[in-house]
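Colleague: Take this structure, written in structure tokens, and hold onto it; I'll ask about it next.
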Amino acid sequence: MGLDYENDGALHAKLIEDVLSQYPDKAAKRRKKHLSVATSKDEATAEDKGLSECDVKSNIKSIPGVMTIRGCAYAGSKGVVWGPVKDMVHISHGPVGCGQYSWSQRRNYYVGTTGIDTFVTMQFTSDFQEKDIVFGGDKKLEKIIDEIEDLFPLNGGISVQSECPIGLIGDDIEAVSRKKAKEHEKTIVPVRCEGFRGVSQSLGHHIANDAIRDWVFDKEDVKFESGPYDVNVVGDYNIGGDAWASRILLEEIGLRVVGNWSGDATLAEIERAPKAKLNLIHCYRSMNYICRHMEEKYGIAWMEYNFFGPSQIEGSLRNIAKHFGPQIEEKTEKVIAKYRPLVDAVTAKYRPRLEGSTVMLYVGGLRPRHVITAYEDLGMVIVGTGYEFAHNDDYQRTGHYVKNGTLVYDDVTGYELEKFIEGIRPNLVGSGIKEKYPVQKMGIPFRQMHSWDYSGPYHGYDGFAIFARDMDLAINNPVWGLYRAPWKKIKDAPPTAVAAE
Amino acid sequence: MEKVTTMPQSAEKVLDHAPLFREPEYRQMLAEKKLNFECPHPDQIVTDQRELTKTWEYREKNLAREALVINPAKACQPLGAVFAAAGFERTMSFVHGSQGCVAYYRSHLSRHFKEPSSAVSSSMTEDAAVFGGLKNMVDGLANTYKLYDPKMIAVSTTCMAEVIGDDLRSFIENAKNEGSVPGDFDVPFAHTPAFVGSHVDGYDGMVKGVLEHFWKGSERSQVTGTINIIPGFDGFCVGNNRELKRLLDLMGVTYTFIQDASDQFDTPSDGEYRMYDGGTKIADVKGALNAEATLSLQRYNTRKTLEHCDEVGQATASFHYPLGVQATDEFLMKVSAISGKEIPETIRMERGRLVDAMADSQSWLHGKKYAIYGDPDFVYAMARFVMETGGEPTHCLATNGTSAWEAEMKELLASSPFGQDAQVWAGKDLWAMRSLLFTEPVDLLIGNSYGKYLERDTGTPLIRLTFPIFDRHHHHRFALMGYQGGLRVLTTILDKIFDKLDRESSETGVTDYSYDLTR
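Residue numbers (the working numbering), protein chains in the order written: chain U, 1 to 501; chain E, 502 to 1020.
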């Protein structure tokens, strides 16, 4: 699977040394632990060895003042886990900003009548004022819940997404939620995802998972007839329709997707999850907690899968099928064979245009490893990758994907990323909106790997075609050749993209 | 059920989300998902509720909300502070508090300007919530100073730091004593609690913080005859500031922009990433103390700053986002009165050209009804311009509008026959606007990208003329202020009207008799 190549480890080690030299000593010592060059063991064992824990420290507090790219626990809960649950109203509880900046920004596609029976692309906020800070916001929250019930009676439930002040002023949102849930006979979920908790979005995911466990599971009498091929897809947020491009495949191989979390999900899909036969985890980082819980409490097995690019899709489909036996396995082979001509056509069209292009990635907690093989399926080379909020188990999983000499950066700072990109000058950078424009100013093509740059889906076979097209249009656009004014002498111009070997 | 086995995707014609999910395979899949797994409400109930939201009954309940805010048209203070800081030479914003906020401000600004947006956080977490964030300030300033080589670090706060009561003045002093930055390094600051006011107040606080920092302890010496211009929080600063400078240069006026992010948010692509570009020079901020007068282009963005300018002895005046004919007239006449410089003939010609354009198009604009929302000064400006074209600003809404703004708006509307039926909605949000557009409909909606949901739900054509604009590109690069800006606003409105008319009259053999070549 994938390409055979090695990266320039010596150059990367030098780049690390250079950036560390620019920090004050105390900060340099701390940052050193987060930067590394991947070393693979000999071929035979490389399959089993990940980057070891000591190679990169992760899930540690960001250093003040260095321009971390990370977000907060609220972003992890409201923005990632809860926000996409479409028939619930999610209250951004606290001042106006958090809900405003995250309003409609994660492209969690859904079908529904917004403002009537679905609410994802709306911003509900308690818009805290000074008096709410001084006297507490519980009374206001009660009133807000009543007003929601009055104006949006078709909502399937409510979640309370705590912003920083809630935990600091001692509000009891749990008591309010209990009281109002009883009064309105609705699911109301208080989430303690104040932004100052933890070191990144990651704790927000965990807190949000725990809230599902504590405030959703076993609360309603779920009437649902389960079948032998029932699965939950967990941790696909349906960015640009990703979950749909995945679901279509799972259904084709004969499985029944009884719940998808949380992209395009209704609360009912979460409530019945314990009745499924298998949990398929897409984003391990944000949803492994609840899957482990379901395994312990309800005996539901879980399995990670990867639907980026044909190599991973085929491998994952076969793994999933194996769990269900020969009948599903047979269908799976048919599905793989059915899509083979599409894959071949996409590869034939785009690989020659992308072959050998170098890529640097910096994303959240999953994609820095998951998309690697999709690039390699197109003949592209991953020279550096890193996570905003991964934990050790993510870096262990990353070892299976990266090649010897790959530059690895955890919780990278704005300064480091700029210097790494300048030093490597890859043909493409995949990261987020904050990184997009600095990189493009340098004349380096860029794709947003959180929002798919408003394109997508990228999952599944249908998504692979779009992924390939998008990488091609990013790299091969003529604008990159126009940066230099022709009357400026060449020596003043920055080097253009490095040619493939 | 047997699945459809065809394939919508192909390498020859790659379909992305918009067409892909309209293909029969996906439609069938989504319909079955809904039916079998979503436990949806029956269609009739959804339809009934949707119709109910269009009624006067729902409007009354909606407007009577006391606690819940839905789709507000405002952001929080620190966003304004970060924007303000971006308008000074080599200045890094340092926001003291939780780090997620800074990721949000940067993203928000980048999505609008399509430009880099730099700011750092002091990354406070649980322990800092308990013990205070002094250590974060001390380490943070040292790191920022060393890594990002700023000339100035502008400190503001997130609500977390405000709730626990961190004191910026003493923290910065402490950090200097510990050597984080040199003692004489400029670290102006502003407390910017998110639970007070909105982004326009954060702008005000930060600009005032900068002026206080540089003017403190200095006396006004000789008054130099220059004019300070404070633009306010403006998503169109790139176009506007440059246009205003052009006008002031034409008049031969000496002026200083205090806070100018027009270059910072419009750096060229030539292979070099400029973390800092343009902005008011520190020397000019210092010198601005001796200006004859300080003019604010947006009154509600600069209330405290102007008070400070008053206190140091400058003449002050404020405007409401001067665009269109009369507002630009007033601005230029004020500049002329203060500077003693005549308004040159070339500017009078420009004025005449805007009026000429308005006269050419007046038949298409007269009597058109508008809903306008945005920041207080913008809404004021747009309502005034709309009335100059013979339009009626039926709904004027500012979520961050105060009672003083409401009174000023009412005065403006009362001054024109075109404002007689107008309603002013201070403190209301865009879900309230949704009701209003159903019960008291208008022809056109003026606002920002968030208005697209109103356009979808109510069918009111949206004209994007204010921050944030995420889903259309580059509009902010063109001026709205001044006569030239007025021309752009006029053309944008007219395009929307003509496009709609063409769309509605384009059905062959049915409506296309009205599909006129000349309009």
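Beta carbons: idealized from backbone N, C-alpha and C, even for Gly. Keep in mind it's a predicted model, so treat the numbers as computed, not measured.
Who are the near neighbours of T971(E) in its chain, counting only those whose CB is closer than 7 Å to its CB and skipping five residues on each side?
Modeller: Taking the first residue of the second sequence as position 1, residue 971(E) is located at position 470. For the sequence presented, residue 971(E) should be read as Phe rather than Thr. For F971(E), where only same-chain residues beyond five positions count, the Cβ hits under 7 Å are R612, H613, S950.
Colleague: Nearest to F690(E) by CA position, among V724(E), G666(E), G703(E), A655(E), is which residue?
Modeller: In the second sequence, counting from the first residue as 1, residue 690(E) sits at position 189. The candidate whose alpha carbon is nearest that of F690(E) is A655(E).
Colleague: Are the beta-carbon atoms of L154(U) and I188(U) separated by less than 8 Å?
Modeller: Within the first sequence, residue 154(U) is the residue found at index 154, counting from 1. Within the first sequence, residue 188(U) is the residue found at index 188, counting from 1. In this structure, I188(U) does not lie closer than 8 Å to L154(U) by Cβ.
Colleague: With a threshold of 8 Å between beta carbons, is A345(U) in contact with chain E?
Modeller: As a working mapping, residue 345(U) is identified with position 345 in the first sequence. Output row for A345(U): interface = yes.
Colleague: Have a look at L945(E) and G430(U) and give me their C-alpha separation to the nearest angstrom.
Modeller: Numbered from its first residue, the second sequence carries residue 945(E) at position 444. Numbered from its first residue, the first sequence carries residue 430(U) at position 430. The alpha-carbon atoms of L945(E) and G430(U) are separated by roughly 39 Å.
Colleague: Mind checking whether Y305(U) and L35(U) have CB atoms under 8 Å apart?
Modeller: What you label residue 305(U) is simply residue 305 of the first sequence in a count that begins at 1. What you label residue 35(U) is simply residue 35 of the first sequence in a count that begins at 1. Against a cut-off of 8 Å, the Cβ pair of L35(U) and Y305(U) comes out as no contact.
Colleague: Just the C-alpha distance for A468(U) and K436(U), rounded to the nearest angstrom, thanks.
Modeller: Position 468 of the first sequence, counted from the first residue, corresponds to residue 468(U). Position 436 of the first sequence, counted from the first residue, corresponds to residue 436(U). Computed Cα separation, rounded: 19 Å.
Colleague: Can at least three beta-carbon pairs, one atom from the stretch 60–71 of chain U and one from the stretch 601–621 of chain E, be found at a separation below 8 Å?
Modeller: Enough Cβ pairs lie closer than 8 Å, so yes.
Colleague: Please report whether the beta-carbon of D358(U) lies at a distance below 8 Å from any beta-carbon of chain E.
Modeller: The residue you call residue 358(U) lines up with position 358 of the first sequence. Residue identity check: residue 358(U) is Thr in the sequence provided, not Asp. False, the Cβ-Cβ gap to chain E never drops below 8 Å.
Colleague: Among residues of its own chain, excluding the 5 on either side of H370(U), which ones have a beta-carbon nearer than 6 Å to its beta-carbon?
Modeller: For the purposes of this step, residue 370(U) is identified with residue 370 of the first sequence, where counting begins at 1. So the qualifying residues of the chain are N306, F308.
Colleague: Which of the three DSSP states, helix, strand or coil, is assigned to A512(E)?
Modeller: Taking the second sequence and counting its residues from 1, one reaches residue 512(E) at position 11. Coil, per DSSP.
Colleague: Measuring CB to CB, does M88(U) end up less than 8 Å from G156(U)?
Modeller: As a first step, residue 88(U) is located in the first sequence; it is residue number 88 there, counting from the start. As a first step, residue 156(U) is located in the first sequence; it is residue number 156 there, counting from the start. For M88(U) and G156(U), yes; Cβs fall inside 8 Å.
Colleague: Could you tell me which whole beta strand (DSSP E) segments of length 3 or greater appear in the stretch 275–359 of chain U?
Modeller: Within the stretch 275–359 of chain U, the complete beta strand (DSSP E) runs of at least 3 residues are 278–281, 301–304.
Colleague: Look at E663(E) and P694(E) and say whether their C-beta atoms are less than 8 Å apart.
Modeller: For this step, residue 663(E) is matched to residue 162 along the second sequence. For this step, residue 694(E) is matched to residue 193 along the second sequence. A contact, by the Cβ cut-off of 8 Å.
Colleague: I466(U) to V639(E), Cα distance in whole Å?
Modeller: The residue given as residue 466(U) occupies position 466 in the first sequence. The residue given as residue 639(E) occupies position 138 in the second sequence. Between I466(U) and V639(E), the C-alpha separation is close to 47 Å.
Colleague: Name the chain E residues whose beta carbon is nearer than 9 Å to that of L342(U)?
Modeller: Sequence index remark: in the first sequence, residue 342(U) carries index 342 (1-based). Simply M508, Q510, S511, A512.
Colleague: Would a check of beta-carbon distances place F217(U) closer than 8 Å to chain E?
Modeller: What you label residue 217(U) is simply residue 217 of the first sequence in a count that begins at 1. It does not: the Cβ of F217(U) has no partner Cβ on chain E nearer than 8 Å.
Colleague: Skipping 5 residues on each side, what residues in its chain have a beta carbon closer than 7 Å to that of I169(U)?
Modeller: Residue mapping note: residue 169(U) aligns to position 169 of the first sequence, counting from 1. Excluding residues within five positions, the ones whose Cβ falls inside 7 Å are I133, G136.
Colleague: Just to confirm my understanding: we take S464(E), look at its own chain, exclude 5 residues before and 5 after, and list those with CB closer than 7 Å. What are they?
Modeller: With chain E covering only 502 through 1020, there is no way to say anything about residue 464(E).
Colleague: Indicate whether at least one CB of chain E lies closer than 8 Å to the CB of W244(U).
Modeller: Numbered from its first residue, the first sequence carries residue 244(U) at position 244. Judged by the 8 Å Cβ criterion, W244(U) is in contact with chain E.
Colleague: I'd like to know if I63(U) contacts chain E, where contact means its C-beta is closer than 8 Å to some C-beta of that chain.
Modeller: If you number the first sequence from 1, residue 63(U) lands on position 63. Yes, its Cβ sits closer than 8 Å to a Cβ of chain E.
Colleague: Scan the stretch 395–460 of chain U and note each continuous beta strand (DSSP E) run of 3 residues or more that stays entirely inside, going in chain order.
Modeller: List check, beta strand (DSSP E) in window: 407–410, 428–431, 446–448.
Colleague: Go to M88(U), then tell me how far its beta strand (DSSP E) extends in each direction, as first and last residue.
Modeller: Residue mapping note: residue 88(U) aligns to position 88 of the first sequence, counting from 1. It spans 88–93 - the beta strand (DSSP E) in which M88(U) sits, taken as one unbroken run.
Colleague: Going along the chain, which residues of its own chain have a beta-carbon closer than 6 Å to the beta-carbon of G987(E), five neighbours each way excluded?
Modeller: The residue you call residue 987(E) lines up with position 486 of the second sequence. Closer than 6 Å at Cβ, skipping near neighbours: L824, G825, L855.
Colleague: Can a CB atom of chain E be found closer than 8 Å to the CB of M88(U)?
Modeller: Counted from its first residue, the first sequence places residue 88(U) at position 88. False, the Cβ-Cβ gap to chain E never drops below 8 Å.
Colleague: Which same chain residues end up closer than 6 Å to H896(E) when comparing Cβ atoms and leaving out the 5 residues on each side of it in sequence?
Modeller: Here residue 896(E) refers to the residue found at position 395 when the second sequence is read from its first residue. For H896(E), where only same-chain residues beyond five positions count, the Cβ hits under 6 Å are A872, Q924, L937.
Colleague: Report the residues of the stretch 614–627 of chain E with a CB closer than 9 Å to any CB of chain U, ordered along the chain.
Modeller: Residues passing the 9 Å Cβ filter: F614, K615, E616, P617, S618, S619, A620, V621, S622, S623, S624, M625, T626, E627.
Colleague: Where do the ends of the alpha helix (DSSP H) carrying R256(U) lie?
Modeller: In the first sequence, residue 256(U) corresponds to position 256, counting from 1. Not the alpha helix (DSSP H): R256(U) falls in the beta strand (DSSP E), residues 256–262.
Colleague: Given G263(U), which residues of its chain have a CB within under 8 Å of its CB, disregarding the five upstream and five downstream residues?
Modeller: If you number the first sequence from 1, residue 263(U) lands on position 263. These residues qualify, in order along the chain: P84, N108, Y109, Y110, D236, Y237, N238, I239, D242, A243.
Colleague: For S52(U), does the count of other Cβ atoms within 10 angstroms reach 16, so buried, or fall short, so exposed?
Modeller: Position 52 of the first sequence, counting from 1, holds the residue named residue 52(U). Low confidence applies to S52(U): its pLDDT is 47, below 50, so where it sits in the model is not reliable, and the reading given next is rough at best. Result: exposed.
Colleague: Can you tell me where the beta strand (DSSP E) with M965(E) in it begins and where it stops?
Modeller: Looking up residue 965(E) in the second sequence gives position 464. In the sequence as displayed, the identity of residue 965(E) is Arg instead of Met. It spans 963–965 - the beta strand (DSSP E) in which R965(E) sits, taken as one unbroken run.
Colleague: In the DSSP output, which residue or residues are listed as bridge partners for W926(E)?
Modeller: Position 425 of the second sequence, counted from the first residue, corresponds to residue 926(E). L898(E), per the DSSP bridge assignment.
Colleague: Are the beta-carbon atoms belonging to N7(U) and N288(U) less than 8 Å from one another?
Modeller: Counting from one through the first sequence, the residue named residue 7(U) turns up at place 7. Counting from one through the first sequence, the residue named residue 288(U) turns up at place 288. No; because the gap between Cβ atoms is not below 8 Å, this pair is not in contact.
Colleague: Would you call the stretch 737–745 of chain E in contact with the stretch 972–985 of chain E, where contact means no fewer than 3 C-beta pairs closer than 8 Å?
Modeller: As far as the Cβ criterion goes, the stretch 737–745 of chain E touches the stretch 972–985 of chain E, which means the pair count is three or higher.
Colleague: Please confirm whether F595(E) has its beta-carbon closer than 8 Å to some beta-carbon of chain U.
Modeller: To locate residue 595(E), count along the second sequence from 1; it is residue 94. Output row for F595(E): interface = yes.
Colleague: Return the chain-ordered ranges of every beta strand (DSSP E) run that is complete within the stretch 750–817 of chain E and spans a minimum of 3 residues.
Modeller: Listed in chain order, the complete beta strand (DSSP E) runs (minimum 3 residues) inside the stretch 750–817 of chain E are 756–758, 794–797.
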